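Asker:
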Ligand SMILES: NC(=O)c1ccc[n+]([C@@H]2O[C@H](COP(=O)([O-])OP(=O)(O)OC[C@H]3O[C@@H](n4cnc5c(N)ncnc54)[C@H](O)[C@@H]3O)[C@@H](O)[C@H]2O)c1
Ligand SMILES: N[C@H](CO)Cc1c[nH]c[nH+]1
Ligand SMILES: [Zn+2]
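Residue numbers (UniProt numbering): 1 to 433.
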């Protein structure tokens with residue numbers, strides 16, 4: 001049962017507990033497992049990947065079977081319906097159009113005294129895309145990962161996803177990959193996949209950046225390999241926080257809460273409402289919608305542990321609590337969402353109004369659905385083209401320009417006790433007798 005509490009209760013502590021669910025003491029033993037997996041993959045390569053795939057995914061593969069073959073890729077098209085292919089293509093077009101909107105461009109500025117300054121953007125050489133596949137297959141996540149990488153111009157894009165029953169990968173996942181422009185796919189998931197991409201194995205190449213969402217094991221692994229490789233953000237078990245007033249439809253609000261809870265027993269679903277009657281009606285609607293839910297057990301777990309309804313005093317108070325939580329997804333199911341928007345400062349994606357369920361963004365509105373979770377939206381953003389780009393600063397000084405700043409550099413270098421820095425400038429500007 002989804003709990004209802006009032007703002008007088010210790011709301012902040014309760015929201016913090018939910019926010020911290022992926023980095024609290026309960027996950028420490030999972031972190032130990034993940035460390036062990038990463039170390040084994042680093043030392044033993046394919047052998048460890050295959051070992052943990054057998055242990056955690058219950059699939060017994062040999063090294064040759066890790067890579068998805070060309071004939072499997074071709075065959076996948078025969079296994080998806082025309083309607084599904086059409087929907088994948090529509091999503092592809094809309095996601096690509098959004099991600100092409102503001103691609104950073106290299107620039108140079110020519111200043112006084114022939115000083116040239118600028119930024120030069122280049123994609124990473126190799127990107128590794130993680131597509132989750134434990135409890136559900138995610139063709140939509142293939143598109144959300146791959147399209148920004150393709151738009152960024154990454155020359156080698158590698159995708160990993162866990163094998164499902166019979167060593168197979170969902171045909172829709174393979175079709176989505178090809179539609180987005182990815183052909184190099186390995187059937188491996190969890191921490192062992194992240195380790196393989198970070199360190200490289202005999203079969204799976206080491207990459208420069210790993211992107212994509214995943215469960216707690218994937219998220220902890222990404223956190224641990226950061227530094228050896230770049231990562232997008234910590235995009236762990238899904239979250240939604242809904243701010244609703246008395247004008248919201250309780251059945252729709254309940255459906256949106258369950259749409260996140262059904263992802264994972266560690267998913268979070270929170271409602272902040274000014275209306276006690278709505279709170280009660282949503283609680284009842286959630287129970288009803290759970291009755292025939294095909295993922296009832298896991299979804300109920302998420303609702304019981306990380307679900308909450310809070311009756312708040314005002315929409316202003318709701319916005320403040322939401323900012324502290326920094327949700328992955330925020331829905332504003334209120335009469336005037338644009339009026340509250342300026343008060344929202346931290347959220348991965350914001351959905352405005354009654355006709356914008358989060359599922360629109362999950363699948364095809366265009367913005368990326370790989371978003372920071374567990375409070376990471378305080379400092380991180382959605383996966384984007386920039387995730388696959390980095391820039392080099394460009395600096396050129398003329399002799400005249402150097403002479404003008406030589407004195408200041410001398411003072412700064414001397415104050416830092418670095419005489420060779422000062423010398424490297426002084427020698428260039430000294431007049432020869
Ligand atoms: N934040 C986002 O942007 C976003 C987007 C989409 C999905 N998600 C999240 O992605 C996740 C998908 O999770 P999933 O489980 O379906 O797929 P997953 O691919 O993330 O995880 C499956 C892998 O977990 C590993 N694993 C499972 N149990 C294990 C254990 N006991 N010990 C060690 N490893 C174990 C297995 O190796 C398996 O391959 C969900 O949490 C969902 O909410 C987040
Ligand atoms: N809600 C997920 C992000 O947390 C994305 C997704 C994919 N498919 C369905 N939903
Ligand atoms: Zn979703």
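Heads up, the beta-carbon is just placed ideally off N, CA and C, and yes, glycines get one too. Only a predicted model underlies this, so the values are computations on that prediction, with no experimental measurement involved.
With residue 147 as the anchor, note down where its alpha helix (DSSP H) starts and where it stops.
Answerer: In the chain shown, residue 147 corresponds to position 147, counting from 1. Note, residue 147: alpha helix (DSSP H), 139 to 152.
Asker: Under the rule that 16 or more other beta-carbon atoms within 10 Å means buried, what is residue 263, buried or exposed?
Answerer: To locate residue 263, count along the chain shown from 1; it is residue 263. Buried.
Asker: Checking the sheet assignment: what are the DSSP bridge partners for residue 123?
Answerer: The residue given as residue 123 occupies position 123 in the chain shown. Beta-bridge pairing links residue 123 to 389.
Asker: On the three-pair Cβ rule with 8 Å, is the region 138 to 155 touching the region 42 to 55?
Answerer: At 8 Å Cβ cutoff, the stretches do not touch.
Asker: Leaving aside the five residues before and after residue 176 along the sequence, list all residues of the same chain whose C-beta is less than 6 Å from its C-beta, in chain order.
Answerer: By 1-based counting over the chain shown, the position of residue 176 is 176. 88, 139, 142, 143, listed in sequence order.
Asker: Run the Cβ filter for me: residues under 5 Å from any heavy atom of ligand 2, listed in the order they occur in the chain.
Answerer: Listed by chain position, these are 140, 238, 362, 369.
Asker: Consult DSSP for residue 201 and reduce its assignment to one of helix, strand or coil.
Answerer: Within the chain shown, the letter at position 201 stands for residue 201. Correct three-state label for residue 201: coil.
Asker: Output the distance between the C-alpha atoms of residue 170 and residue 75, rounded to the nearest integer angstrom.
Answerer: The count along the chain shown starts at 1 and reaches residue 170 at position 170. The count along the chain shown starts at 1 and reaches residue 75 at position 75. Answer to the nearest angstrom: the Cα atoms are 11 Å apart.
Asker: Compute the minimum distance between the beta carbon of residue 178 and the heavy atoms of ligand 3, and state whether it is under 7 Å.
Answerer: Your numbering for residue 178 matches position 178 in the chain shown. No, Cβ of residue 178 sits at least 7 Å from all heavy atoms of ligand 3.
Asker: Please classify residue 188 as buried or exposed, where buried requires at least 16 other C-beta atoms within 10 Å of its C-beta.
Answerer: In the chain shown, the residue the question calls residue 188 occupies position 188. Buried: at least 16 other Cβ atoms inside 10 Å.
Asker: Report yes or no: do the region 116 to 134 and the region 62 to 81 share at least 3 C-beta pairs separated by less than 8 Å?
Answerer: Taking 8 Å as the limit for Cβ pairs, the verdict is that the region 62 to 81 does not touch the region 116 to 134.
Asker: Rounded to whole angstroms, what's the CA-CA distance from residue 214 to residue 399? Just pull it up for me.
Answerer: Walking along the chain shown from the start, residue 214 turns up at place 214. Walking along the chain shown from the start, residue 399 turns up at place 399. The alpha-carbon atoms of residue 214 and residue 399 are separated by roughly 53 Å.
Asker: Taking all protein chains shown into account, do 16 or more other C-beta atoms lie within 10 angstroms of the C-beta of residue 360, making it buried, or fewer, making it exposed?
Answerer: If you number the chain shown from 1, residue 360 lands on position 360. It is exposed - the Cβ of residue 360 has fewer than 16 other Cβ atoms within 10 Å.
Asker: Under 8 Å, do residue 250 and residue 216 count as touching if we go by C-beta distance?
Answerer: Residue mapping note: residue 250 aligns to position 250 of the chain shown, counting from 1. Residue mapping note: residue 216 aligns to position 216 of the chain shown, counting from 1. Their beta carbons are not under 8 Å apart, which means residue 250 does not touch residue 216 by this criterion.
Asker: Indicate, with yes or no, if ligand 3 has a heavy atom lying under 7 Å from the CB of residue 263.
Answerer: Locating residue 263 in the chain shown gives position 263, where the first residue counts as 1. Flag set: Cβ of residue 263 near ligand 3.
Asker: Could you check if residue 311 is buried or exposed, using at least 16 other CB atoms within 10 Å of its CB as the buried criterion?
Answerer: Counting from 1 along the chain shown, the entry for residue 311 is found at position 311. The residue is buried, with at least 16 neighbouring Cβ atoms inside 10 Å.
Asker: Near residue 277, which residues of its chain fall below 8 Å by C-beta distance, leaving aside the five closest residues on each side in sequence?
Answerer: The residue labelled residue 277 in the question sits at position 277 within the chain shown. Excluding positions up to five away in sequence, the list reads 246.
Asker: How about residue 50 and residue 61: are their beta carbons less than 8 Å apart?
Answerer: As a position in the chain shown, residue 50 is number 50, starting the count at 1. As a position in the chain shown, residue 61 is number 61, starting the count at 1. Yes, the pair counts as a contact, with Cβ atoms nearer than the cut-off.
Asker: Does any heavy atom of ligand 1 sit closer than 7 Å to the C-beta of residue 388?
Answerer: Here residue 388 is taken as the residue at index 388 of the chain shown, counted from 1. Every heavy atom of ligand 1 is 7 Å or more from the Cβ of residue 388, so no.
Asker: Measuring only from the beta carbon, is residue 260 closer than 7 Å to any heavy atom that is part of ligand 3?
Answerer: By 1-based counting over the chain shown, the position of residue 260 is 260. Yes, the beta carbon of residue 260 sits closer than 7 Å to at least one heavy atom of ligand 3.
Asker: DSSP state of residue 397, grouped into three classes?
Answerer: Within the chain shown, the letter at position 397 stands for residue 397. Residue 397 falls in the coil class under three-state DSSP.
Asker: With DSSP as the reference, label residue 158 as helix, strand or coil.
Answerer: On the chain shown, position 158 is the one that residue 158 refers to. Strand, per DSSP.
Asker: Kindly give me the distance between the Cβ atoms of residue 422 and residue 414, rounded to whole angstroms, as I take these residues to be in contact under 8 Å.
Answerer: As a working note, residue 422 is residue 422 in the chain shown. As a working note, residue 414 is residue 414 in the chain shown. Confirmed, about 6 Å.
Asker: Here's the rule: buried if 16 or more other CB atoms are within 10 angstroms of the residue's CB, otherwise exposed. What is residue 99?
Answerer: Taking the first residue of the chain shown as position 1, residue 99 is located at position 99. By the neighbour-count rule (16 or more Cβ atoms within 10 Å), residue 99 is buried.
Asker: Decide if residue 21 is buried, meaning its Cβ has at least 16 other Cβ atoms within 10 Å, or exposed.
Answerer: As a first step, residue 21 is located in the chain shown; it is residue number 21 there, counting from the start. Label assigned to residue 21: buried.
Asker: So, with DSSP's three-state summary, where would you put residue 239?
Answerer: Residue 239 sits at position 239 when you count from the first residue of the chain shown. Strand, per DSSP.
Asker: Pull the bridge partners of residue 307 from the DSSP assignment, please.
Answerer: As a working note, residue 307 is residue 307 in the chain shown. Residue 307 pairs with 269.
Asker: At a cut of 8 Å, does the region 296 to 315 reach the region 203 to 212 through at least three beta carbon pairs?
Answerer: Segments in contact, no.
Asker: Once DSSP output is grouped into helix, strand and coil, what is the label at residue 230?
Answerer: The residue you call residue 230 lines up with position 230 of the chain shown. Residue state, collapsed to three classes: strand.
Asker: Could I get the ranges of all uninterrupted alpha helix (DSSP H) runs contained in the region 312 to 367, with 4 residues as the minimum, in chain order?
Answerer: Listed in chain order, the complete alpha helix (DSSP H) runs (minimum 4 residues) inside the region 312 to 367 are 315 to 325, 337 to 340, 358 to 363.
Asker: Given 7 Å as the limit, tell me if residue 145 has its C-beta closer than that to any heavy atom belonging to ligand 1.
Answerer: Position 145 of the chain shown, counting from 1, holds the residue named residue 145. For ligand 1, not one heavy atom lies less than 7 Å from the Cβ of residue 145.
Asker: Considering only DSSP beta bridges, list what residue 379 is partnered with.
Answerer: Residue mapping note: residue 379 aligns to position 379 of the chain shown, counting from 1. Beta-bridge pairing links residue 379 to no other residue.
Asker: Can you tell me whether DSSP reads residue 184 as helix, strand or coil?
Answerer: The residue labelled residue 184 in the question sits at position 184 within the chain shown. In the structure shown, residue 184 sits in a strand (DSSP, three-state: E or B).
Asker: Any heavy atom of ligand 1 closer than 7 Å to the beta-carbon of residue 192?
Answerer: Stepping through the chain shown from its first residue, residue 192 is reached at position 192. Yes, Cβ of residue 192 sits closer than 7 Å to a heavy atom of ligand 1.
Asker: Taking 7 Å as the line, does the beta carbon of residue 17 fall inside it for any heavy atom of ligand 1?
Answerer: For the purposes of this step, residue 17 is identified with residue 17 of the chain shown, where counting begins at 1. Incorrect: residue 17 has no Cβ contact closer than 7 Å to ligand 1.
Asker: Counting C-beta neighbours from all protein chains within 10 Å, is the total for residue 59 16 or more, i.e. buried, or is it exposed?
Answerer: Here residue 59 is taken as the residue at index 59 of the chain shown, counted from 1. Label assigned to residue 59: buried.
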